[in-house]
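Taking it in order: structure first as structure tokens, then the write-up.
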Amino acid sequence: LLVRPQQERPPDPYPAEPKGKRPPVLVDGVTLNGPTLDIREAESFLREAMPIVMEEAVWKATDVKEKVCEWRSPEQLKDLLDLELREGGEAHPQILQRCRDAIRYSVKTGHPLFFNQLYAGMDPYSLVGRFITEAINPSLYTYEVAPVFLLTEEAVLKKMIEIIGWQDGGDGIFSPGGSVSNMYAVNVARYHHCPDVKVLGLSALPRLVMFTSQECHYSVSKAAAFLGIGTNNVYVIPSDKRGKMIPAEFEKQVQRAKDEGALPFMVNATAGTTVLGAFDPLEEIADICERHNLWMHVDACWGGGALMSKKHRYLLQGIHRANSVAWNPHKMLMAGLQCCAFMVRDKTNLLQRCHSAQASYLFQQDKFYDVSYDTGDKSIQCSRKPDAFKFWLMWKAIGTKGLEERVDRALAMARYLAEEIKKRDGFRLVMEPEYTNVCFWYIPPSLRDTADGPEFWRKVHAVAPVVKERMMKEGSMMVGYQPHGDKANFFRQIIISPQVSREDMDFLLDQIHSLGMDL
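Given below as structure tokens:
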């Protein structure tokens, strides 16, 4: 499917030489004449493998009539996959079976009934974009090795910055995950406040303090640990019952840090929390940051998709006042893992100044083209995948309007599910959804006449893990669950994919009842 027809094969660049014309060239006992890879054999393998990928990993994996997963325990799966690596290679038929097995026993995240994480579905344009970049295998450090992909990254970042609302523009880079984007934010904010840290290190710094809400992603504390700030210097701000940071409590903590003689330098606000889908009040947080000269970072990895919708972008009101933003198009916008942008409201080359190492073997300044396109020195990485290309290709295919329609439909579907939950016996919303995180308890018939109290919630807490185990072993669907604060385990249903229908929402509730009604 993805290789040229046989009749279009170009001439062999290394035609066989007449016998006796050139003797074999040996170095260290290795023959160097001609390539050792059998091109025809490689092409034959690709011709056999690609139909398996398309049939098993694309068509069947997105068919609602197929299973989401075929559960096997780790020990069973080790035996099935025969993981041991040996001296000799295996024949192509055996390798093709390895491909089938890998697909068969993997979770089908493009399946309409996969609701387990903050990504789902399969976009065909993004998928083709991934095929292209995997085949070409570029690295985004310099224009000379990745011209197309550096330009598409630049175009995508420019449009995302425009959508955020930074009228004077900005800068950015795609990173290998939202956690890394948040780490970028901490590092850039620290460098902005204390530029000597790059050369002199931590010993030259005062005690730095950063702030985040109790609902933030765990990557914030990991960034503090990784960058030497220390987790004790991450001051956690209480959230209200909806999961939003309380601005007054934030300002109290800023004053506390100052009273302690520390240097408050940044806050991480969240636009779309992982569990509840809550949006921090960005305008009020921005006011506090301006009063206290703090860097304001917005983790919009999950909620950033709402910016594409005229109807729902109010959820991120004030994001244009942020100094930096993390936004993952692989989540709500379905660009495919991974696709994570980190952007700064800056036109002074802050990213470059903070991270550059000026490696002379990559970033020569006397190249024959405009070296401003060699953007790799802005990154903490050397090798970097062209993650923006698949998003660019998808965006070109469906347009901004198409992305907006996806977001609007996902939020409408979440509203439908919430209303259905209210109508059904045995289902109870944790709270009204603000985004597409629909959080709810399932209460089996045996508990429905029991009064709320410690014993009731102890028993409810045990329901979700059993239902999850049963759905996984049946392979019917995947929905996440968790406890939260003092709340017993509840289901967290995430809606993203336009493949999902109202009927799928009905099936979800029917299936949970079917799997848990005997508990």
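Residues in the sequence shown are numbered consecutively from 1, following the UniProt record's numbering. No residue lacks a Cβ here, since even glycine has one placed at the ideal position from N, Cα and C. None of the values given here were measured: they were computed from a predicted structure.
Counted within 10 angstroms of its Cβ, other Cβ atoms place residue i as buried (16 or more) or exposed
| i | result |
| --- | --- |
| residue 328 | buried |
| residue 59 | exposed |
| residue 118 | buried |
| residue 449 | exposed |
| residue 385 | buried |
| residue 382 | exposed |
| residue 44 | exposed |
| residue 83 | exposed |
| residue 106 | exposed |
| residue 248 | exposed |
| residue 387 | buried |
| residue 400 | exposed |
| residue 267 | buried |
Residue i to residue j span [Cα, whole Å]
| i | j | result |
| --- | --- | --- |
| residue 62 | residue 499 | 9 angstroms |
| residue 323 | residue 293 | 11 angstroms |
| residue 132 | residue 461 | 46 angstroms |
| residue 520 | residue 36 | Look at the range of the chain in this structure, 1 to 519, and you will see that residue 520 is not part of it. |
| residue 184 | residue 326 | 9 angstroms |
| residue 334 | residue 390 | 10 angstroms |
| residue 601 | residue 315 | Absent from the model: residue 601. The displayed extent of the chain is 1 to 519, so no value can be given. |
| residue 279 | residue 190 | 25 angstroms |
| residue 295 | residue 269 | 11 angstroms |
| residue 436 | residue 312 | 12 angstroms |
| residue 484 | residue 512 | 20 angstroms |
| residue 286 | residue 48 | 56 angstroms |
| residue 257 | residue 443 | 45 angstroms |
| residue 53 | residue 475 | 20 angstroms |
| residue 64 | residue 479 | 15 angstroms |
DSSP three-state assignment for residue i, whether helix, strand or coil
| i | result |
| --- | --- |
| residue 349 | coil |
| residue 42 | helix |
| residue 363 | coil |
| residue 487 | strand |
| residue 340 | strand |
| residue 439 | strand |
| residue 358 | coil |
| residue 271 | strand |
| residue 512 | helix |
| residue 98 | helix |
| residue 212 | strand |
| residue 295 | strand |
| residue 2 | Residue placement at residue 2 is flagged as unreliable, the pLDDT there being 46, under the threshold of 50; a coordinate-derived value is accordingly withheld. |
| residue 492 | strand |
| residue 560 | Missing from the structure shown is residue 560; the chain here goes from 1 to 519 and no further. |
| residue 480 | strand |
| residue 450 | coil |
| residue 424 | coil |
| residue 114 | strand |
| residue 265 | strand |
| residue 368 | coil |
| residue 231 | helix |
| residue 58 | helix |
Residues near residue i by beta carbon distance below 7 angstroms, same chain, minus five either side
| i | result |
| --- | --- |
| residue 251 | 288 |
| residue 415 | none |
| residue 348 | none |
| residue 351 | 171, 173, 188, 344, 378 |
Limits of the beta strand (DSSP E) - the one that residue i falls within
| i | result |
| --- | --- |
| residue 184 | Taken as a continuous stretch (DSSP letters only), residue 184 belongs to no beta strand (DSSP E), being part of the alpha helix (DSSP H) at 178–193. |
| residue 234 | 234–237 |
| residue 333 | It is not in any beta strand (DSSP E) - residue 333 carries neither H nor E in the DSSP assignment. |
Neighbourhood of residue i by C-beta, 8 angstroms cutoff - its chain only, sequence neighbours within 5 removed
| i | result |
| --- | --- |
| residue 432 | 418 |
| residue 486 | none |
| residue 230 | 224 |
Element boundaries [alpha helix (DSSP H), containing residue i]
| i | result |
| --- | --- |
| residue 132 | 124–136 |
| residue 326 | Looking at the DSSP string, residue 326 is not in any alpha helix (DSSP H); the run it does join, the beta strand (DSSP E), is 324–327. |
| residue 470 | 463–474 |
| residue 221 | 219–226 |
| residue 256 | 247–259 |
| residue 147 | 147–164 |
| residue 79 | 74–81 |
| residue 199 | 197–200 |
Same chain, Cβ closer than 6 angstroms to residue i, neighbours up to 5 away in sequence not counted
| i | result |
| --- | --- |
| residue 2 | Caution applies to residue 2, whose pLDDT of 46 falls short of 50 and renders its modelled position unreliable; the model cannot decide the point. |
| residue 393 | 125, 129 |
| residue 141 | 362, 376 |
| residue 108 | 61, 68 |
| residue 421 | 427, 429, 440 |
| residue 221 | 231, 234 |
| residue 374 | 142, 143, 363 |
CB contact below 7 angstroms: residue i versus chain C
| i | result |
| --- | --- |
| residue 69 | Looking at the structure shown, chain C is missing, and only one protein chain is on hand. |
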